[in-house]
Amino acid sequence: MPLNQQLLFLLLSLLLISGCSTKPEYTPVPEHLINKVEPLGIPEIRAWGDVNDYVIGTYGETMLARQEAAGLLLNEDGYLKPANMLTLSGGGENGAFGAGILKAWSDSGARPDFSVVTGISTGAIISVFAFLGSDYDDQLTSFYTSTDAKDLYVKKSFLSAITSLSLFDTTQFESKVRDTINPELLAKTAEMYGQGRALLIGTTNLDVQRMAIWDMGYIASLGTPDSEKLFEDIVLASASIPGMFPAVLVNVEYEGERYQEIHVDGGVVRQIFLLPDEISITPALLPNPDRERNLFVIRNGEFKASYKQTELKLLSITGRSISTLLKYQGRSDVMRLYNKAREANMGFNMAYIDDDFEREGLSSDSFDKEYMQALFDYGYAKFQSGDLWKANLPGVDSKKLKLLKAAELPK
């Protein structure tokens, strides 16, 4: 069953099972402590996605200090190296597209070391491998070409589903994630964090309806069993489709008391992100404003409107509506990044699944291995063709966007 129809089934099922399901014991965060609790008792581990707190000031300065200490800020001629940033969207099995791009990029010999990598949902999984570099391409490729739905989850019986918190048993997926995030991977992540690079993953805190942006490099650098579990929990939470995959409880603390927050797929709030929404990145506010900065956006999904005949049936109509909703949420999030890039005089480069991807004969089932292999090959070939990256948004009047942004800038 395609993902959109599964989501519909979930919504209809919830009407039947509301009030029947059981839940694990947990202590929710009281409202007055929402902005006071801290994961692992450390405030700098995360930021909210809708506010500007410590991120652009203190965090940016410490990143540059670490880059300079590691000898990575200047090139051999004494000039600032370009700052290349990569942001990866959600998209489920469509993450095979982004995986194919990264593999082709590595094989070309031109893939840069990214100063910042961000990920949401399936993009969160890709982001870990993308951040670590080409040495992890084999693991990334295997996940998106050798993994099938049966390797990730099993549908629960109706009776089992109504007494639990998800329609699928995702024990296999959870084990795969926890086995992959081993001490070696965490040590490498911590090493790159020490070089002034940032890996940021977004989840959705359901209690407060806000996105949390997690500093994964900092978490890895702590080097404790608790920090390893938190790292794993965040990746699992970011990829947890509400209702279908179980929500993840994240432990937080305040004055010695422990509570739990409920976190799910970051795509509930954003399909893609770079920084908290309210942060302004005009050159005047940035350290080294003349430094070359390039943003690469991989949208693991379509961007343009596309034609598909819709059957006059409940599942088809609702499924197509959900698909359209997610597509336009993703478009809006990419437009936000486009405006941010223009505001910062940053190079903008976007890749997305275009209408030249041949779907005929491919299964529409979620996480179908043949489909993901075809999409991986498409991303790989699209990069090789030299026609992958788009500097402007297709179907969007960039001049109007520019004028609108100029009107919004503070005088």
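The opening residue of the sequence shown carries number 3 in our numbering; numbering runs sequentially from there. Idealized CB from N, CA, C, for every residue including glycine.
>> Please classify Lys384 as buried or exposed, where buried requires at least 16 neighbouring CB atoms within 10 angstroms.
In response: Numbered from its first residue, the sequence shown carries residue 384 at position 382. Label assigned to Lys384: buried.
> Per DSSP, Asn351 is paired with what?
Replying inline: Locating residue 351 in the sequence shown gives position 349, counting from the first residue. Per DSSP, Phe298.
> Closest to Tyr330 by CA distance: which of Lys342, Glu313, Gly303 and Glu345 is it?
Replying inline: Position 328 of the sequence shown, counted from the start, is the residue given in the question as residue 330. Nearest option by C-alpha distance: Gly303.
> DSSP state of Val39, grouped into three classes?
Replying inline: As a position in the sequence shown, residue 39 is number 37, starting the count at 1. Here Val39 sits in coil by DSSP.
> Per DSSP, Val266 is paired with what?
Replying inline: Position 264 of the sequence shown, counted from the first residue, corresponds to residue 266. For Val266, which the question treats as bridged, DSSP gives the partners Thr206.
>> Here's the rule I'm using: 16 or more other beta-carbon atoms within 10 Å means buried, otherwise exposed. How should Asn497 be labelled?
In response: No answer is possible for residue 497: the residues shown for the chain start at 3 and end at 413.
>> Excluding the 5 residues flanking Arg48 on each side, which residues of the same chain have their C-beta closer than 7 Å to its C-beta?
In response: Position 46 of the sequence shown, counted from the start, is the residue given in the question as residue 48. Contacts found: Pro41, Ala214, Ile215, Trp216 and Asp217.
>> Using only CA atoms, which one of Thr147, Asn96, Phe170 and Ser229 lies nearest to Asn184?
In response: For this step, residue 184 is matched to residue 182 along the sequence shown. Minimum Cα distance to Asn184 is reached at Ser229.
> For the 8 Å Cβ check, are there 3 or more pairs between the stretch 287-306 and the stretch 238-250?
Replying inline: Too few Cβ pairs lie closer than 8 Å, so no.
> What residue ranges within the stretch 93-134 form continuous beta strand (DSSP E) runs of no fewer than 3 residues, ordered along the chain?
Replying inline: As far as the stretch 93-134 is concerned, its whole beta strand (DSSP E) runs of at least 3 residues are 118-122.
> Beta-carbon separation of Arg68 and Gly196 under 8 Å?
Replying inline: Along the sequence shown, read from residue 1 onward, the residue named residue 68 stands at position 66. Along the sequence shown, read from residue 1 onward, the residue named residue 196 stands at position 194. In this structure, Gly196 lies closer than 8 Å to Arg68 by Cβ.
> Where Gln141 and Asp279 are concerned, what is the direct C-alpha to C-alpha distance, given to the nearest angstrom?
Replying inline: By one-based count along the sequence shown, residue 141 stands at place 139. By one-based count along the sequence shown, residue 279 stands at place 277. Taking the straight line joining both Cα atoms gives about 32 Å.
>> When you measure from the CB of Arg199 to every non-hydrogen atom of the ligand GTP, does any distance come out below 7 Å?
In response: The model depicted lacks the ligand GTP and carries no ligand whatsoever.
> Does DSSP put Lys157 in a helix, a strand or coil?
Replying inline: For the purposes of this step, residue 157 is taken as residue 155 along the sequence shown, with counting starting at 1. DSSP places Lys157 in the strand class (E or B) of the three-state scheme.
> By how many angstroms is the C-alpha of Ser334 removed from the C-alpha of Asp109?
Replying inline: Stepping through the sequence shown from its first residue, residue 109 is reached at position 107. Stepping through the sequence shown from its first residue, residue 334 is reached at position 332. Straight-line Cα distance between these residues: approximately 32 Å.
> Under 8 Å, do Ala72 and Gly225 count as touching if we go by C-beta distance?
Replying inline: Along the sequence shown, one-based indexing puts residue 72 at 70. Along the sequence shown, one-based indexing puts residue 225 at 223. Ala72 places its beta carbon 8 Å or farther from that of Gly225.
> Among the residues of its own chain, which have a CB less than 6 Å from the CB of Leu251, if the five just before and after it don't count?
Replying inline: Here residue 251 corresponds to residue number 249 of the sequence shown, with the count starting at 1. Cβ neighbours of Leu251 beyond the five flanking positions: Tyr28 and Gln262.
>> Would Asp379 and Gly102 qualify as a contact pair, given that the criterion is a beta-carbon distance under 8 Å?
In response: Indexing the sequence shown from 1 puts residue 379 at position 377. Indexing the sequence shown from 1 puts residue 102 at position 100. Less than 8 Å separates the beta-carbon of Asp379 from that of Gly102.
> alpha helix (DSSP H) containing Arg180: first to last residue?
Replying inline: Locating residue 180 in the sequence shown gives position 178, where the first residue counts as 1. Run containing Arg180: Thr173 to Thr182, per the alpha helix (DSSP H) assignment.
>> Relative to the C-alpha of Ser129, which candidate in Ala98, Leu90 and Thr143 has its C-alpha closest?
In response: In the sequence shown, the residue the question calls residue 129 occupies position 127. Of the listed residues, the one whose Cα sits closest to Ser129 is Leu90.
> What do you get for Met337, buried or exposed, if any count of 16 or more other CB atoms within 10 angstroms of its CB means buried?
Replying inline: If you number the sequence shown from 1, residue 337 lands on position 335. With fewer than 16 other Cβ atoms from the protein chains shown falling within 10 Å of its own Cβ, Met337 counts as exposed.
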